[in-house]
Structures are given as structure tokens and as C-alpha cells.
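Notes to accompany the following structure.
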Amino acid sequence: MSTVTPTADETRTEPSRVAVRDVLARIGRYVFLCVVLAFFALPLLWLATAPFDDTPTIAASLPQFTLDNFRALLDNPYAMTSLLNSVWLAGGTALLVVTFAALAAYALSRVRVPGRDALLYGLLLLSSIVTGTATMVPLFELAFRLNLIDSRLGVILILTGGLLPAAIFILKDFMDATPTSYEESARVFGASPLQIMRHIVVPVVRPGLATVGVWAVANVWGNFLVPFLLLRGPDKAPAAVIMYTLYTEGGQADLRLLSTFSLLYSLPVALMFVFVSSRYGFRFHGGIKR
Amino acid sequence: MVQVTSRPDETVEGAGPVTGPSPAPDAAGLGRARAAGFLVPSMVLILLFLVVPAAWTIYLGVTNYRLTGLAAANPEVVGLENYTRALSDERFRNSLVLTLQFVLGSAVIGQACLGFAIAYALRDRRGPLRRVVEAFILLAWILPSSVVAFLWIALLDRDAGTLNALLGMPGMAWLLDYPMLSIIIFNTWRGTAFSMMLYAAALENVPRSHLETARLAGASTGQQLRDVVFPRIRGHVLTNLLLISLWTFNDFSPFLITAGGPEQRSEILAVYVYKVALSGGELGFGAAISFIMLLINLVIALIYLRMLGRRKERA
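Chains as they are written, first to last, in this note's numbering: chain F, 1 to 290; chain D, 291 to 605.
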């Protein structure tokens, strides 16, 4: 605005007008990005300050530094077990999802199964439509009939079923992108299909397997609804459910416990994300474009 | 959806070896039998925990099944009674309207527009600013929902919340006075990362030279978006809208913040079903609502798929 003087108006050529607009656009872009940054960072501040504050309040503030709050974790009977429960659920589900999805994706990528694409899109659509939320009644019923209420295995299987279609979809994309020539030459040298899987395919698509594994762990680690529905009592409950009970169950919430527990519970997914993004780059590959 | 009627174990057999012309790109010599074997574990789990529950919803929805009491032992088929009851129920209709507000506000307007704007603003940037902005947005997306729910409860707290302290308006009860707005903004914050990443990948498909040409020809940002960018990323936009609409429609995390309250003013369908079926014990009625939700999901998906298909025909 102030950059455009009245005299410049007549002498201004097309490129200079473009240049002025570029400067304005650049300023606008910076302002926008700063607002975005503030919006996304603001709610997270509390998580960074409160756990280390010797008198944590509900507002984010500069802490009087202390590590004493972490003792509250050990005093609570369910805090640490719930994290262990989360590890079991997330690890078990991720293992099943990666293994089963890799097998299925490889088969679908390399062998022309009739109606493959329709099947894949159908399943993906189905898994987006049929979610834990819309089917909580029959899932509860099903778990009850199969004797999977209050069972970690039940939670793992149900979560695996829900994650598999998308996992197969993502992995098939990775498999499609790897050239078959390695497998062909290995076969010429007499390797069996399972050897080829183990020694050629798995190492080549390892970034894909890692992506899906991390994605599955992150999904289960944060999943509240399925364990909330299926697990009774706090001894098997994962951290997601315990966290919820910590701030909803009667009386004044213990902010020392809440803040340290939130941080400890959030840390694994955050670290995993840092690891993946530094190692492989946290980006979408071609899979989603059509 | 043919599998809906078949029992899981039957389909395991059905998915067995299929004979036919040998496939071309089978580089590892897998063969159809082994390929089918590779598919079995996934298909069994998907069938059991996705397809069967979906089919079961339909059956439960026409019964008066309850969690406790007489109807728990001998549920009776009551036909469409649950559906007529739902459609005439003020609370259900209210919940439906709130859900549509939630999807339009937080997914279509919030996540998709904000995500695109951020991806566009960052498109040819490398360096610390981009990394910091992306890191915070992704953090909001990957942290566990019960943690972020509490972070937002703390942020919006009436007496001591960070937001009221910053705005200098203590005593403003955001969650009580504006429960829908609160969860809409919360969900925008929570889910923008996905749209941002998807559009970032999409924008790489737009040739830089085209944008440069348009810019030098004096096209405004709006014109560039409309004529150069949008035609190339239409497929991405539709896919993105489809996924985030479905996710948001079925999102349960508002329960963690407002639990549907106050007075059902933020009771979206996901929360409503939970309250009716599992807290209230009316499993049959809850299943009917679930089935209506499934149908709405299906309609959303079909609308987007049709739009995608039309795009393909034209291409």
C-alpha cells in the first residue's frame, strides 16, 4: 500500500505491479502462517509447561521447574499399568496389521486376483463407512457372544479388522511401486517364493511396512472408544481410558498426575513421529491420488 | 457386499485356490493358491469385524433388544418401530442437525479449507518455518484423543483457562455457552494435518511453470487457484472431502470434551448412539440409529464417488 506512490502509477509496468503484489502476498503469507502456528501451538502449551510446574494450574504459564510431579505417577495404582496395557494393545495390533496386510498386499499386487481393484476399493469404502462408532452396538454384541468382553485379544482383533483395509491399500501401493526385476532375478537363482518375500520384498518395502506399523500404533495408542466399550475395570484399561477417568471421575482433578500422565502417554507417539519423519520423511506417496 | 450373508468360515474356503490363466506379473512365482492363502487372514478379520457387525446392525435394528430386563433374554422383532420412533424423536433430529453442522463446519470448511490454505502457503518453502508449522499441526493430529480433549478443556476453562487469560475475559464459559462452536474448532485443530499433507502432495502435481506463467500474465491468486491449481487437484479434493467427511461424521472425541452436553446441545450422532444404546441399554433402538448412520455414510460416499466418476469420464 505505502509502497505504491502516486507517481509510480504512470511509470509502472506490468512486471512491477506483479512485484508489488508479490511483496504483499509474501507479507500476507507470513502473517497467515504465524496465526496458524499460534492456533495450533496454543492448546499444546499446557502439555509442555504444567508437568514441570511445582504448582500446576489449568492455564499454561512459565513453570517453577520441578520433576516432583512425576512421583504422582508412581503413587497412582493404574497410571503405569495402563501405559503397559496400551503397549500390549498397540504392539499386538500393529504386528497383526503389518503381517496380514503385507501378505495380502503382496498377493494383490503380484497376482491378478479377479476383481482385485473392486475388492480393494470396496473394502476401503467399507472400512470408512463401518466404523467403531456406527457399529458399536453389534461390536459389543459380537464381543459378548465370542467371549471377548474384557479381553485384550478382543480389542486387538476388532481394531485389526478395522485398520486392515486401509493398511492393505497403502502397502499395495508400495508393492506396486517396486520393480519386479529383483524378484525375477532371485527366482532365476532358485529362491523360493517365501525366501523372495523375506529377503527381497520385505527389505525393499520396509519404508512402507514402517509407515503402516507406525500408523497402526498411533491409531491404537490413541483409540478410546473400543477399549472403553469392551474392557471392564481399570486393571486392563489402556492409557486412553485411564486418562479420561482421571479428569472425569469425581472431585478435583489432580493436575500433577494429569499433566505428567498426559505427557508420558503422549511422548511415545511424538517420538515415533520424529523418528519416522527424520528417517523416511512424513509425506504422502502417490497412493491417494487417482 | 455379497459376503454379508455368508458365514466367516465358509468364505475362508471360498477364497481358496482359483484356477485360471496364469497371471503375468507374478515375479516371485507365488501362484494363485499361495496368493489366496496370503489373503485369507486379512479377509477373515475384515469379514468378522467389519462386514458381520454391519449386517448385524440391520437385524438388531428391527428388534426391541435391551441390555437388561425381559427384552434382553427374548428380544422380539418389532419391525420398523425403532425407525419410526427415531424419525419422530426430537432428540434424534436435533442430533442429526448438529452432526451435519459438525461435518460442514469442522471437516468441509475447517479442515479442508485451512489444510489447503496452509499447504498452498507452504508450497515452495523449505526451511525451519515450514518444519515448525508442520510439526505443530501434525502433533495436534497424532496425540491421543483423550489427551487433546483434556488440553482443550484446560484451554477453554471458564475460570483459569489459557484462552480467557489471553483474551482478558475471565468467566467466559465457552463449553457451556458455545458447545458446538467449541467442538467444531477443536475438530478443525485436530484434523487439519491430514488435509494439509494431502494437498501438499497434490500441489506437487501442479507444474511450477504453469503457475509462473499465470502469475506473470497478471492472474490474481484467486484466478490462479481456479484456473491452474484446482483443475489439476480435483481428484485429491474429492478424495480428501470424502475421507474427512466420513471420519468427522463418525468421530467420537467430542464425547470426551462435552459428553454431548449441556442439555444435548453438542450431542452429535456418535455420542447419541452411545448414550441411548450403551448407557441407556436400548440396544435395538441404538442399532436402528447406527443403521441410519451407516446409510448416511454410504450416501456421503456415493455422492463423492459419483463426482469422481464424472470427473474421470470427462478426462
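Every residue, glycine too, gets a C-beta built ideally from N, C-alpha and C.
Look at residue i and residue j and say whether their C-beta atoms are less than 8 Å apart.
i         : j         : result
Leu-493/D : Arg-413/D : yes
Thr-180/F : Val-205/F : no
Leu-457/D : Leu-445/D : no
Leu-258/F : Tyr-265/F : no
Gly-369/D : Ala-578/D : no
Leu-230/F : Val-113/F : no
Ala-72/F  : Arg-256/F : yes
Ile-547/D : Trp-431/D : no
Asn-384/D : Gln-554/D : yes
Gly-132/F : Val-212/F : no
Ala-478/D : Gln-401/D : Checking the sequence shown, residue 478/D turns out to be Thr, not Ala. Yes, these two residues count as a Cβ contact at 8 Å.
Ser-543/D : Ala-439/D : yes
Ala-425/D : Leu-584/D : no
Ile-586/D : Phe-520/D : no
Arg-145/F : Lys-236/F : no
Ala-94/F  : Ala-216/F : yes
Trp-221/F : Ser-82/F  : no
Phe-140/F : Leu-568/D : yes
Leu-386/D : Leu-559/D : yes
Leu-536/D : Ile-129/F : yes
Ala-483/D : Ile-427/D : yes
Leu-62/F  : Val-422/D : no
Ser-556/D : Met-462/D : no
When the Cα of residue i is compared with those of the options, which residue comes out closest?
i         : options                                    : result
Gly-235/D : Leu-386/D, Tyr-594/D, Tyr-355/D            : Nothing in the structure corresponds to residue 235/D, since chain D is present only between 291 and 605.
Val-241/F : Asn-223/F, Ala-253/F, Leu-255/F            : Asn-223/F
Phe-275/F : Val-226/F, Asn-219/F, Pro-207/F, Tyr-247/F : Pro-207/F
Thr-135/F : Leu-453/D, Leu-471/D, Trp-346/D            : Trp-346/D
Pro-138/F : Gly-574/D, Leu-588/D, Ile-582/D, Gln-514/D : Gly-574/D
Arg-381/D : Gly-550/D, Asn-587/D, Leu-588/D, Leu-546/D : Gly-550/D
Leu-433/D : Ser-192/F, Leu-47/F, Asn-147/F, Leu-24/F   : Leu-47/F
Arg-110/F : His-199/F, Ile-27/F, Glu-183/F, Arg-198/F  : Glu-183/F
Asp-449/D : Ser-436/D, Ser-435/D, Leu-466/D            : Leu-466/D
Leu-45/F  : Ala-38/F, Ala-60/F, Gln-252/F              : Ala-60/F
His-349/D : Gly-576/D, Val-398/D, Leu-588/D            : Strictly speaking, residue 349/D in this sequence is Tyr, with His absent from that position. Of the listed residues, the one whose Cα sits closest to Tyr-349/D is Gly-576/D.
Val-545/D : Ile-399/D, Ser-472/D, Val-334/D            : The sequence given here has Phe at residue 545/D, not Val. The shortest Cα separation from Phe-545/D among Ile-399/D, Ser-472/D, Val-334/D belongs to Ser-472/D.
Tyr-594/D : Phe-581/D, Ile-558/D, Arg-524/D            : Arg-524/D
Val-214/F : Ser-192/F, Gly-28/F, Gly-190/F, Val-98/F   : Val-98/F
Arg-420/D : Ile-27/F, Pro-56/F, Leu-33/F               : Leu-33/F
Met-611/D : Val-20/F, Glu-141/F, Leu-120/F, Thr-245/F  : This structure gives no information on residue 611/D, because the portion of chain D shown stretches from 291 to 605.
Tyr-78/F  : Arg-198/F, Pro-234/F, Tyr-30/F             : Pro-234/F
Glu-371/D : Ala-362/D, Thr-353/D, Pro-469/D, Leu-386/D : Thr-353/D
Gly-451/D : Gly-28/F, Leu-42/F, Val-130/F              : Leu-42/F
Pro-552/D : Trp-464/D, Ala-323/D, Ile-427/D            : Trp-464/D
Ile-170/F : His-199/F, Ala-218/F, Ala-210/F            : Ala-210/F
Asp-117/F : Asp-176/F, Arg-198/F, Ser-185/F            : Asp-176/F
**Study point:** Segments assigned alpha helix (DSSP H), at least 4 residues, entirely inside the region 183 to 249 of chain F
**Key:** Listed in chain order, the complete alpha helix (DSSP H) runs (minimum 4 residues) inside the region 183 to 249 of chain F are 193 to 196, 206 to 222, 225 to 230, 239 to 248.
Check your understanding: So does the region 151 to 163 of chain F actually touch the region 332 to 346 of chain D, counting three or more Cβ pairs closer than 8 Å?
Key -> Segment contact: the region 151 to 163 of chain F against the region 332 to 346 of chain D, three or more CB-CB distances shorter than 8 Å; contact assigned.
Review point. What residues in the region 565 to 583 of chain D bring their beta carbon closer than 7 Å to a beta carbon of chain F?
Key: Contact annotation: in the region 565 to 583 of chain D, residues whose CB is within less than 7 Å of a CB in chain F are Ala-567, Leu-568, Leu-573, Gly-576, Ala-577, Ser-580, Met-583.
Point to revise | Contact list for the region 216 to 227 of chain F against chain D, Cβ threshold 9 Å | key: With the criterion set as a beta carbon lying under 9 Å from some beta carbon of chain D, the members of the region 216 to 227 of chain F are Ala-218, Trp-221, Gly-222, Asn-223, Phe-224, Leu-225, in sequence order.
Point to revise | alpha helix (DSSP H) runs wholly inside the region 440 to 527 of chain D, at least 4 long, in chain order | key: At a cut-off of 4 residues, the continuous stretches assigned as alpha helix (DSSP H) that sit fully inside the region 440 to 527 of chain D are 452 to 457, 464 to 467, 469 to 493, 498 to 506, 511 to 514.
**Study point:** Inter-stretch contact (C-beta, 8 Å, three-pair minimum) for the region 100 to 109 of chain F and the region 322 to 330 of chain D
**Key:** Yes, since at least three Cβ pairs between the region 100 to 109 of chain F and the region 322 to 330 of chain D fall closer than 8 Å, the two stretches touch.
Check your understanding: Is the region 517 to 535 of chain D touching the region 591 to 599 of chain D, taking contact as three or more C-beta pairs under 8 Å?
Key -> With a cut-off of 8 Å, the region 591 to 599 of chain D and the region 517 to 535 of chain D count as touching, because enough Cβ pairs lie within range.
Review point. Can at least three beta-carbon pairs, one atom from the region 397 to 414 of chain D and one from the region 472 to 492 of chain D, be found at a separation below 8 Å?
Key: Yes, the region 397 to 414 of chain D touches the region 472 to 492 of chain D.
Point to revise | Cβ pair count under 8 Å reaching 3, the region 557 to 571 of chain D against the region 117 to 124 of chain F | key: Fewer than three Cβ pairs drawn from the region 557 to 571 of chain D and the region 117 to 124 of chain F lie within less than 8 Å of each other, which leaves the two stretches out of contact.
Review point. At what residue ranges does the region 11 to 55 of chain F contain a whole run of the beta strand (DSSP E), taking only runs of 3 or more?
Key: If only complete runs of 3 or more residues are kept, the region 11 to 55 of chain F shows no beta strand (DSSP E) anywhere.
Review point. Any chance the region 511 to 518 of chain D sits against the region 365 to 379 of chain D, with 3 or more Cβ pairs inside 8 Å?
Key: Contact between the region 511 to 518 of chain D and the region 365 to 379 of chain D is absent, because fewer than three Cβ pairs lie under 8 Å.
Review point. When you check each C-beta in the region 118 to 136 of chain F against every C-beta of chain D, which residues fall closer than 8 Å?
Key: Hits within the stretch, in order: Gly-122, Leu-123, Leu-125, Leu-126, Ser-127, Ser-128, Ile-129, Val-130, Thr-131, Gly-132, Thr-133, Ala-134, Thr-135, Met-136.
Review point. Taking any Cβ of chain F, which residues in the region 426 to 439 of chain D have a Cβ under 8 Å from it, in chain order?
Key: Going along the region 426 to 439 of chain D in chain order, one finds Phe-426, Ile-427, Leu-428, Leu-429, Ala-430, Ile-432, Leu-433, Pro-434, Ser-435, Ser-436, Val-437, Val-438, Ala-439 with a Cβ nearer than 8 Å to chain F.
Exercise for review: Determine which residues of the region 403 to 421 of chain D have a Cβ less than 8 Å from any Cβ of chain F, and write them out in chain order.
Suggested key: The residues in question are Leu-404, Ala-407, Ile-408, Ala-411, Leu-412, Leu-419.
Practice item. Residues of the region 361 to 373 of chain D with a CB closer than 7 Å to any CB of chain F: list them in chain order, please. Key: Within the region 361 to 373 of chain D, no residue has a Cβ that lies closer than 7 Å to any Cβ of chain F.
Check your understanding: According to a CB-to-CB cut-off of less than 8 Å, which residues of the region 139 to 171 of chain F neighbour chain D?
Key -> Within the region 139 to 171 of chain F, the residues whose Cβ lies closer than 8 Å to some Cβ of chain D are Leu-139, Phe-140, Glu-141, Leu-142, Leu-157, Ile-158, Thr-160, Gly-161, Gly-162, Leu-164, Pro-165, Ile-168, listed in chain order.
Point to revise | 4-residue-minimum alpha helix (DSSP H) runs that sit fully inside the region 319 to 386 of chain D, ordered along the chain | key: Qualifying alpha helix (DSSP H) stretches, in chain order: 321 to 336, 342 to 351, 360 to 363, 371 to 377.
Review point. Of the residues that make up the region 254 to 266 of chain F, which ones have a beta carbon closer than 8 Å to any beta carbon in chain D?
Key: Under the 8 Å Cβ criterion, the region 254 to 266 of chain F contributes Leu-258, Ser-262, Tyr-265, Ser-266.
Practice item. Give the residues from the region 454 to 477 of chain D that approach chain F closer than 7 Å (Cβ to any Cβ), ordered along the chain. Key: Residues are counted here when their Cβ sits less than 7 Å from a Cβ of chain F; for the region 454 to 477 of chain D these are Ala-455, given in chain order.
Review point. Listed in chain order, which residues of the region 25 to 36 of chain F have Cβ atoms closer than 8 Å to some Cβ of chain D?
Key: Under the 8 Å Cβ criterion, the region 25 to 36 of chain F contributes Ala-25, Arg-29, Phe-32, Leu-33, Val-36.
Exercise for review: Check distances from the C-beta atoms of the region 378 to 405 of chain D to those of chain F and list, in chain order, the residues that come in under 8 Å.
Suggested key: Within the region 378 to 405 of chain D, the qualifying residues are Leu-404.
Check your understanding: If you measure beta-carbon to beta-carbon, which residues of the region 522 to 556 of chain D are closer than 9 Å to chain F?
Key -> Within the region 522 to 556 of chain D, the residues whose Cβ lies closer than 9 Å to some Cβ of chain F are Ile-523, Gly-525, His-526, Leu-528, Thr-529, Asn-530, Leu-532, Leu-533, Leu-536, Trp-537, Phe-539, Asn-540, Asp-541, Phe-542, Ser-543, Phe-545, Leu-546, Ala-549, listed in chain order.
Review point. When you check each C-beta in the region 42 to 63 of chain F against every C-beta of chain D, which residues fall closer than 9 Å?
Key: If the cut-off is 9 Å between Cβ atoms, the region 42 to 63 of chain F has Leu-42, Pro-43, Leu-44, Leu-45, Trp-46, Leu-47, Ala-50, Thr-57, Ile-58, Ala-59, Ala-60, Ser-61 near chain D.
Check your understanding: If you scan the region 109 to 173 of chain F from start to end, which runs of the alpha helix (DSSP H) of 4 or more residues do you find wholly inside it?
Key -> You should have 116 to 129, 136 to 145.
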